[in-house]
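Please read the structure below before turning to the comments.
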Amino acid sequence: MGELKLQHYHHYIIRAKWIFPVLSPPILDGAVEIKNKKIVNVGKFKEISKEAVFAKPIDFEEAVILPALVNAHTHLELSGLRFRVSPSSGDFISWVKNVIKLKQEMSLIEIRESAKLGLYHLWKEGTGIIGDVGNTAITFDLLYNSPFYGYFFQEVISFKGGYNLKEIQLKAPSSNFRITYSAHAPYSVSPLLLQAIKSYNKKRKKLFCIHCAESYEEVKFLKKGEGPLLEFLKERGQWDENFIPPGVSPVKYLHNLKLLDEDTLLIHVIHIDEEDLEILKKTRSKICICLRSNLFIGVGIPKLKELLSAGLDVCIGTDSLASNDHLSVWEEMKTIYTYYPDISPGEILKMATFTGAKVFGFNKMGAILAGYYPNMLVVEIRDYLNERPEDVLRSLINAGKEVKFRFYV
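Right, here's the structure in full:
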C-alpha cells in the first residue's frame with residue numbers, strides 16, 4: 001500500500017472511476033482537489049481539472065476513493081489473544097473468565113508487540129480513527145506516535161468501590177488523540193463510580209464510554225440481582241453487599257443514574273426493549289455495534305434497523321481479538337450487510353466513516369466534502385462489473401478488495 005502524508009504546499013487533483021463522498025451521491029469519473037491539507041473541491045474530473053489548472057493530477061484509474069474508516073471500539077492490549085480464545089456458545093461468563101486468565105499469562109512485551117501488529121493491520125486496511133480501550137496504558141504511546149486519530153479510554157473496573165479517580169497523567173502531544181476514563185460495564189463498576197467517571201468526562205468535555213446490554217446475564221443481574229455475574233463478582237472479591245438491584249434493564253439503569261446523553265457512547269446495546277429505545281432516542285446517546293464479536297461470543301445481535309430508524313448515531317467497532325479474528329471494519333460491514341440486508345450499503349458505509357468520526361468529535365473527517373480533511377483511501381475492487389452506484393457500493397462492501405493507497409494529514 002502506498003501512502004502520502006499531505007503538506008501545506010501540496011496541491012493535487014486526485015481522480016478515480018468512483019468517488020464516494022458518503023454524504024452525497026457517488027460520482028462517476030470523479031475527482032478531489034486538495035490544497036493546504038484540506039479538500040477544496042469534489043466533483044466530476046472534467047470540471048475540476050478545468051478550474052484547478054495549477055494542481056498536479058494523480059489518476060487512480062478504475063479505483064474507488066472514499067474516506068478512511070473508523071474502528072470505534074477495540075482493545076488493542078488484547079491483540080495477543082487472537083486464536084487463543086475459542087468461540088463461545090453463548091456462555092458469556094466462561095468467555096470473560098477465559099480472557100482474564102489468558103491476559104494474565106501474557107508478558108508486557110507480548111501485549112505491546114501484539115498491539116503494534118494490530119495497529120499495523122488497522123492502518124493497512126484503511127482505518128484512520130480508533131476508539132481503543134485499555135486497563136493499562138501500554139498501548140498509548142503506540143497510538144500517539146502513530147498517524148491515527150481517536151480516543152484512548154483508560155478503563156475502570158471496580159464494583160466494590162474504593163477506586164481513586166485521579167487526574168490522568170498521560171498527555172497527548174497533539175490533538176490527534178484524546179485520553180479519558182471509561183467505565184467497563186454496569187455490572188462491574190459501582191453506581192457512584194459510574195457517576196464520578198461521567199462527571200470527570202463531562203467537566204473535560206470528553207466522551208463517556210461503557211459496554212451496555214451485551215449479554216442476557218447482565219440483564220438478569222440488574223433486574224434480579226442474581227445469576228452468573230453475581231457469582232463472578234463474589235469469586236473476584238468485588239461484590240458489594242450494600243448493592244440493591246435496580247430491577248430495570250441496563251439502559252434504564254444508566255438513564256436513572258443520569259449517565260445517558262449525546263456525549264455517551266454505549267457499546268453493543270443488544271438486549272433492549274421499546275422503552276429502552278425511547279430512552280436512547282430521547283437522550284440522543286451514541287451507539288457502537290460490534291457484530292462479529294457478538295456472534296463469536298454468542299450473546300445475540302443488536303436491533304440495528306430499529307436503532308437507525310430511531311435516528312440514533314450508530315457506528316462500528318470490531319471489539320478485541322479475544323472475540324474476533326480480524327480488526328477489520330471491512331469484515332464488520334460485510335457481516336452487517338449479511339445479517340441486515342434491508343440496510344443499504346450506503347448507510348453501512350456511513351456508519352463506518354462519517355458517523356464514527358462524528359461520535360468522536362472529529363467534525364471535519366469521515367466524508368469527502370469541501371473543507372474536510374483529506375484522510376482518504378484508494379480502493380481497488382476485484383471483479384465488479386456493474387456501473388450503477390448502488391451496485392458498486394454493494395461490491396465495495398461484499399467483494400474482494402485492496403487498499404492501494406491512502407492520503408492523510
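Mapping of the sequence shown onto the UniProt record's numbering: residues 1 to 409, in sequence order. Note that the Cβ used here is the ideal one computed from N, Cα and C, for glycine as well.
Got a sec? Which residues, its chain only, sit under 8 Å from K166 by beta carbon, not counting five neighbours each side? Position 166 of the sequence shown, counted from the first residue, corresponds to residue 166. So no residue of the chain qualifies.
Taking only three categories from DSSP, how would you classify residue 467? Here the chain comprises residues numbered 1 to 409, so residue 467 is not present and cannot be evaluated.
Within the same chain, show all residues whose beta-carbon is closer than 6 Å to that of K160, passing over the 5 residues directly before and after it, in chain order. Translated into positions along the sequence shown, residue 160 becomes position 160. These residues qualify, in order along the chain: Q238, D240.
Where does the unbroken beta strand (DSSP E) through M376 begin, and where does it stop? Mapped onto the sequence shown, residue 376 falls at position 376. 376-381 is the span of the beta strand (DSSP E), which, as asked, contains M376.
At the level of alpha carbons, what is the spacing between N324 and I130? Position 324 of the sequence shown, counted from the start, is the residue given in the question as residue 324. Position 130 of the sequence shown, counted from the start, is the residue given in the question as residue 130. Those two C-alpha atoms are separated by around 16 Å.
Roughly how many angstroms lie between the CA atoms of N256 and G225, to the nearest whole one? Indexing the sequence shown from 1 puts residue 256 at position 256. Indexing the sequence shown from 1 puts residue 225 at position 225. Each residue's alpha carbon lies about 17 Å from the other.
Go ahead and pull the three-state DSSP assignment for G128. Within the sequence shown, the letter at position 128 stands for residue 128. Looking at G128 - three-state DSSP - the assignment turns out to be strand.
Would you check if the stretch 353-363 and the stretch 387-397 touch, i.e. whether three or more CB-CB distances between them fall below 8 Å? no
What number of angstroms, rounded off, separates the C-alpha of E3 from the C-alpha of I289? Position 3 of the sequence shown, counting from 1, holds the residue named residue 3. Position 289 of the sequence shown, counting from 1, holds the residue named residue 289. Approximately 29 Å between the Cα atoms of the pair.
Return helix, strand or coil for Y339, following the three-state DSSP convention. To locate residue 339, count along the sequence shown from 1; it is residue 339. Helix.
If we call anything under 8 Å between Cβ atoms a contact, is L142 one with A115? Taking the first residue of the sequence shown as position 1, residue 142 is located at position 142. Taking the first residue of the sequence shown as position 1, residue 115 is located at position 115. Yes; because the gap between Cβ atoms is below 8 Å, this pair is in contact.
Measuring only the C-alpha atoms, how far is N398 from K334? Within the sequence shown, the letter at position 398 stands for residue 398. Within the sequence shown, the letter at position 334 stands for residue 334. Spanning the two alpha carbons is a distance of roughly 5 Å.
Which whole-angstrom value is the C-beta distance of Y149 and G134, which I expect to be below 8 Å? Here residue 149 refers to the residue found at position 149 when the sequence shown is read from its first residue. Here residue 134 refers to the residue found at position 134 when the sequence shown is read from its first residue. In fact, because the Cβ distance is near 17 Å, the residues do not count as touching under 8 Å.
Through-space distance from A16 to L260, alpha-carbon basis: Position 260 of the sequence shown, counting from 1, holds the residue named residue 260. Position 16 of the sequence shown, counting from 1, holds the residue named residue 16. About 42 Å.
Ignore the nearest five residues each way along the sequence and tell me which others in P345's own chain have a CB closer than 6 Å to its CB. Taking the sequence shown and counting its residues from 1, one reaches residue 345 at position 345. If we look at P345 and ignore the five residues flanking it on each side, its Cβ neighbours are L393, R394, I397.
Closest residue to H268 among L6, K38, K5, E218 (Cα-Cα distance): Your numbering for residue 268 matches position 268 in the sequence shown. Minimum Cα distance to H268 is reached at E218.
Rounded to whole angstroms, what is the Cα-Cα separation between N36 and V299? Here residue 36 is taken as the residue at index 36 of the sequence shown, counted from 1. Here residue 299 is taken as the residue at index 299 of the sequence shown, counted from 1. In a straight line, the C-alpha of N36 is about 47 Å away from that of V299.
V314 versus A68 - alpha carbon distance: In the sequence shown, the residue the question calls residue 314 occupies position 314. In the sequence shown, the residue the question calls residue 68 occupies position 68. Rounded to the nearest angstrom, the two C-alpha atoms are 17 Å apart.
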